[in-house]
Amino acid sequence: GSYNADGGFFSEDGTTYVDPSGSVEHGITSPDGHFLPNGEIRTVEGHQVYGMVRTDGSFVSQDGTVCVRPDGTVLHGSMTPEGRFVTEKVVDGQTVSGSYNADGGFLSEDGTTYVDPSG
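Residue numbering for the sequence shown follows my numbering, beginning at 295 and increasing consecutively.
Structure, rendered in structure tokens:
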């Protein structure tokens, strides 16, 4: 393996990173050289996608534009700086931006609309 500028260590095969404090992370390295903790390569809508598995079991693409929920539902959107995946949903004929909760409910960005998991 090799050391990077901050003193972290990458394994030669790109699947392990040890940070300067000694914490070990497992994952993959994308073709552009970025280490993805808990990384996987998945086929999403016919395309090979590099990304990370989050603690809730969802998969988010490296570029943050695709999220595959644990039930297999594919969402398109973007990541907020806080790490929430924001997508759009049509509610009562209106397109609403928001995020899905762990239980499958959808909450609008402005907090005024909630759709429970049953729809």
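No residue lacks a Cβ here, since even glycine has one placed at the ideal position from N, Cα and C. All of these numbers come straight from a predicted model, not from anything done at the bench.
According to DSSP, residue i sits in a beta bridge with which residue or residues?
i: residue 320; result: 310
i: residue 393; result: 401
i: residue 416; result: Since the first residue shown for the chain is 295 and the last is 413, residue 416 is missing from the structure and cannot be characterised.
i: residue 336; result: 343
i: residue 371; result: 381
i: residue 296; result: 304
Return the CA-CA distance between residue i and residue j, expressed in angstroms with no decimal places.
i: residue 406; j: residue 390; result: 10 Å
i: residue 373; j: residue 295; result: 31 Å
i: residue 333; j: residue 365; result: 19 Å
i: residue 378; j: residue 413; result: 21 Å
i: residue 335; j: residue 343; result: 6 Å
i: residue 341; j: residue 386; result: 32 Å
For residue i versus residue j, is the C-beta spacing smaller than 9 Å?
i: residue 345; j: residue 360; result: yes
i: residue 303; j: residue 323; result: no
i: residue 319; j: residue 313; result: yes
i: residue 331; j: residue 311; result: yes
i: residue 350; j: residue 299; result: no
If residue i sits next to residue j, beta carbons under 8 Å apart, how far is it from one beta carbon to the other, in whole angstroms?
i: residue 329; j: residue 321; result: 6 Å
i: residue 371; j: residue 382; result: 7 Å
How would you call residue i, buried or exposed, if buried means at least 16 neighbouring beta carbons within 10 angstroms?
i: residue 384; result: exposed
i: residue 297; result: exposed
i: residue 394; result: buried
i: residue 352; result: buried
i: residue 392; result: buried
i: residue 408; result: exposed
i: residue 355; result: buried
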